[in-house]
């Protein structure tokens with residue numbers, strides 16, 4: 029809507045759907061894309077009219093700034109389908125607001141909210157057959173923006189391309205997840221871009237994560253770059269620790285992503301009287317709790333991973349396994365979140381967003 | 029060369045040259061590209077045969093990892109032409125080695141040295157008319173590599189594209205340069221990717237640099253993220269301070285780029301008995317030296333910028349102007365470097381690299 033008038037979204041439909049060739053029971057995360065994508069270009073100081081087009085490759089100059097200067101940000105969202113074929117989003121305004129916070133930090137022009145939602149909903153309606161019913165099925169939505177101006181001088185681009193692409197999803201991590209606490213490498217600096225979903229934050233983690241994998245860990249829990257004494261986030265997830273019956277997670281900062289799943293878990297914990305502490309988490313405290321048998325659980329929280337239990341962790345050359353929990357918080361929060369996401373329960377906090385049919 | 033046999037580089041020549049349309053007296057840095065580019069793809073765990081193609085756009089999936097995860101690195105080099113039409117590179121092995129150090133940190137497969145030099149020299153020979161004689165004229169060379177695998181899961185790409193594109197160059201900064209010392213924002217963390225020419229390092233600087241520009245500064249001198257008490261580098265240049273007759277610059281670290289121009293300046297200073305200290309540089313020390321009138325010069329050193337004098341600096345809301353120097357170190361090092369680069373003097377350190385005609 030712009031001034032009360034529905035936005036015109038130019039739609040070019042795909043001549044044929046690829047959906048018949050997709051094995052929805054054996055999806056690899058983020059590997060297959062739906063029939064359409066949303067595209068919007070920033071030219072002459074303005075976001076132009078958005079369009080929906082058949083999913084396909086894009087053409088850029090080899091000197092496009094995204095290739096050289098990583099001026100790019102993204103978001104991750106999910107759509108869910110309930111038993112009545114209604115499609116729901118989960119707290120999409122939170123993702124949209126973070127999209128623009130990330131853009132601002134990367135000197136990318138903010139994207140208009142009306143275009144974002146009109147485009148996204150038009151796209152989801154076109155590709156609604158790709159959203160499968162049933163717990164665990166979802167459509168992963170990837171809005172992103174890249175700097176397209178040709179030129180190898182290190183200054184902000186004058187042109188950008190905004191896109192939304194969508195991928196049918198099941199689990200993010202297919203196997204068990206063990207993590208290692210970072211002792212040498214770092215993800216983010218104070219005063220840096222750690223709080224933004226800046227493209228460069230992710231590529232920078234690949235090498236240390238490869239080293240961690242060689243040691244049997246799937247992910248790194250990043251610590252503060254100054255001292256490596258405090259646990260921060262896991263790069264693709266925020267991280268929660270359960271010591272006794274208490275849940276502990278680090279506060280957001282300019283180094284830590286303000287995760288939508290993270291804040292939803294905190295709200296649910298408060299609702300269900302689970303003691304939750306949002307404060308700096310000492311590595312030493314968690315190691316000691318593990319040694320005393322007081323560390324009951326670690327789990328990650330993120331849109332792609334939802335709630336992901338962590339089976340064990342490593343620190344300073346030692347490995348710790350976590351016990352199976354009968355009354356697992358991870359399972360509890362996951363089922364509570366999914367009940368809301370799949371419209372199986374009351375939406376007390378107004379987190380569900382109905383995608384209107386059109 | 030591979031096992032003594034010259035590498036076959038497949039060359040597709042451009043049907044027509046754009047060179048006639050270029051105003052070589054009024055170049056904007058990094059804005060215009062030569063007729064050809066080098067391309068090499070990494071597929072099936074191997075770098076494939078490189079080729080030289082007409083300069084033009086490339087096509088990628090919108091899910092290509094470079095767009096989402098910033099898995100991309102680059103280098104900057106220059107070619108110079110002497111009065112006898114011989115083309116020279118300046119310490120290209122140092123750039124090549126750093127290219128692979130950057131690649132390693134970003135989990136990108138290292139590029140073979142023989143392919144790099146065979147491809148680069150073939151390209152320079154094809155586009156040698158674009159390299160103009162005369163002090164200040166050069167061809168800026170941009171080797172880079174981007175992650176091309178489609179897929180929105182945060183893990184290293186299985187496919188990559190290596191390219192070299194070239195742009196005729198004069199000065200990088202067209203006007204006077206004033207810098208501000210960072211007090212809040214940061215460029216790099218300990219244990220991060222600051223020492224690599226990772227794409228994301230550059231986009232992350234655009235927003236703080238925009239804020240600095242609003243205050244009248246063209247560049248930021250980054251300080252350590254922990255305390256903001258030590259001066260590190262300027263993002264596109266390493267930075268030197270002259271206090272009295274002493275030259276001071278920060279040591280390289282995992283936060284600071286190991287600049288080729290930087291280390292050449294240090295070597296030249298030693299040769300010409302200019303006292304040079306490579307050690308941490310306190311903000312307070314430079315501010316005090318400025319207040320006492322002992323701070324004679326600040327200059328940046330980098331391939332694109334060569335030696336760039338800094339006219340003034342800002343810190344904690346105060347602005348300082350630097351005096352004009354009769355015996356400027358910046359001018360001295362610039363002329364010494366250019367004499368070597370343009371083959372006007374003996375090449376005592378073996379820094380010149382002749383591009384063979386073929």
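Residue numbers (our numbering), protein chains in the order written: chain B, 29 to 386; chain A, 29 to 386.
Cβ coordinates follow ideal geometry from the N, Cα and C atoms, glycine included.
Spell out the partners DSSP gives residue i in its beta bridges.
{"i": "residue 327 (chain B)", "result": "B:268 and B:337"}
{"i": "residue 277 (chain A)", "result": "A:268 and A:306"}
{"i": "residue 65 (chain A)", "result": "A:81"}
{"i": "residue 347 (chain A)", "result": "A:342"}
{"i": "residue 380 (chain B)", "result": "B:118"}
{"i": "residue 206 (chain A)", "result": "A:340"}
{"i": "residue 172 (chain B)", "result": "B:102 and B:191"}
Taking 8 Å as the threshold (beta carbon to beta carbon), is residue i in contact with chain B?
{"i": "residue 69 (chain A)", "result": "no"}
{"i": "residue 1 (chain A)", "result": "No statement about residue 1 (chain A) is possible, as the shown extent of chain A runs from 29 to 386 and does not include it."}
{"i": "residue 281 (chain A)", "result": "no"}
{"i": "residue 218 (chain A)", "result": "yes"}
{"i": "residue 47 (chain A)", "result": "no"}
{"i": "residue 153 (chain A)", "result": "no"}
{"i": "residue 264 (chain A)", "result": "yes"}
{"i": "residue 109 (chain A)", "result": "no"}
{"i": "residue 313 (chain A)", "result": "no"}
{"i": "residue 346 (chain A)", "result": "no"}
{"i": "residue 114 (chain A)", "result": "no"}
{"i": "residue 165 (chain A)", "result": "no"}
Is there a Cβ from chain A that is less than 8 Å from the Cβ of residue i?
{"i": "residue 191 (chain B)", "result": "yes"}
{"i": "residue 246 (chain B)", "result": "no"}
{"i": "residue 94 (chain B)", "result": "yes"}
{"i": "residue 333 (chain B)", "result": "no"}
{"i": "residue 66 (chain B)", "result": "no"}
{"i": "residue 132 (chain B)", "result": "yes"}
{"i": "residue 179 (chain B)", "result": "yes"}
{"i": "residue 23 (chain B)", "result": "Nothing can be reported for residue 23 (chain B), as the shown portion of chain B is limited to 29 through 386."}
{"i": "residue 73 (chain B)", "result": "no"}
{"i": "residue 29 (chain B)", "result": "Note that residue 29 (chain B) scores a pLDDT of 47, beneath 50, so its modelled location is shaky and nothing firm can be said."}
With DSSP run on the structure shown, which of helix, strand or coil describes residue i?
{"i": "residue 167 (chain B)", "result": "strand"}
{"i": "residue 159 (chain A)", "result": "coil"}
{"i": "residue 251 (chain A)", "result": "strand"}
{"i": "residue 37 (chain A)", "result": "coil"}
{"i": "residue 107 (chain B)", "result": "strand"}
{"i": "residue 242 (chain A)", "result": "helix"}
{"i": "residue 225 (chain B)", "result": "coil"}
{"i": "residue 86 (chain A)", "result": "strand"}
{"i": "residue 311 (chain B)", "result": "helix"}
{"i": "residue 372 (chain B)", "result": "coil"}
{"i": "residue 118 (chain B)", "result": "strand"}
{"i": "residue 181 (chain A)", "result": "coil"}
{"i": "residue 126 (chain A)", "result": "helix"}
{"i": "residue 261 (chain B)", "result": "strand"}
{"i": "residue 190 (chain B)", "result": "strand"}
{"i": "residue 361 (chain B)", "result": "helix"}
{"i": "residue 60 (chain B)", "result": "coil"}
{"i": "residue 236 (chain A)", "result": "helix"}
{"i": "residue 293 (chain B)", "result": "helix"}
{"i": "residue 112 (chain B)", "result": "coil"}
{"i": "residue 49 (chain B)", "result": "helix"}
{"i": "residue 92 (chain B)", "result": "strand"}
{"i": "residue 213 (chain B)", "result": "coil"}
Please classify residue i: is it buried, with 16 or more other beta-carbons within 10 angstroms of its beta-carbon, or exposed?
{"i": "residue 170 (chain A)", "result": "buried"}
{"i": "residue 90 (chain B)", "result": "buried"}
{"i": "residue 176 (chain B)", "result": "buried"}
{"i": "residue 373 (chain B)", "result": "exposed"}
{"i": "residue 29 (chain A)", "result": "Below a pLDDT of 50, predicted positions are generally treated as unreliable, and residue 29 (chain A), at 47, falls in that range; no measurement from the model is reported."}
{"i": "residue 309 (chain B)", "result": "buried"}
{"i": "residue 87 (chain B)", "result": "exposed"}
{"i": "residue 209 (chain A)", "result": "buried"}
**Request:** Determine, using beta-carbon pairs with one atom in the region 242-256 of chain A and one in the region 207-223 of chain B, whether at least three such pairs fall under 8 Å.
**Result:** Three or more beta-carbon pairs separated by less than 8 Å link the region 242-256 of chain A to the region 207-223 of chain B, which places the two stretches in contact.
**Message:** For the pair the region 50-62 of chain A and the region 187-203 of chain A, tell me if three or more CB-CB distances fall below 8 Å.
**Reply:** Because the criterion of three Cβ pairs below 8 Å is met, the region 50-62 of chain A and the region 187-203 of chain A touch.
**Message:** With three or more C-beta pairs closer than 8 Å as the rule, is the region 244-254 of chain A touching the region 368-382 of chain A?
**Reply:** Short answer: they don't touch.
**Prompt:** Should the region 95-110 of chain B be called in touch with the region 178-187 of chain B, which here means at least 3 C-beta pairs below 8 Å?
**Reply:** Yes: the two stretches touch, three or more of their Cβ pairs being nearer than 8 Å.
**Asked** Between the region 149-158 of chain B and the region 129-139 of chain B, do three or more beta carbon pairs fall short of 8 Å?
**Response** At 8 Å Cβ cutoff, the stretches do not touch.
**Message:** If contact is defined by three or more beta carbon pairs under 8 Å, each pair taking one atom from either stretch, is the region 296-303 of chain B in contact with the region 155-164 of chain B?
**Reply:** Touching, no.
**Asked** Counting Cβ pairs closer than 8 Å, one from the region 269-289 of chain A and one from the region 134-141 of chain A, do we hit at least three?
**Response** No, because fewer than three Cβ pairs between the region 269-289 of chain A and the region 134-141 of chain A fall closer than 8 Å, the two stretches do not touch.
**Request:** Would you check if there are 3 or more beta carbon pairs closer than 8 Å linking the region 353-371 of chain A to the region 311-318 of chain A?
**Result:** Cβ pair count under 8 Å is below three, so no.
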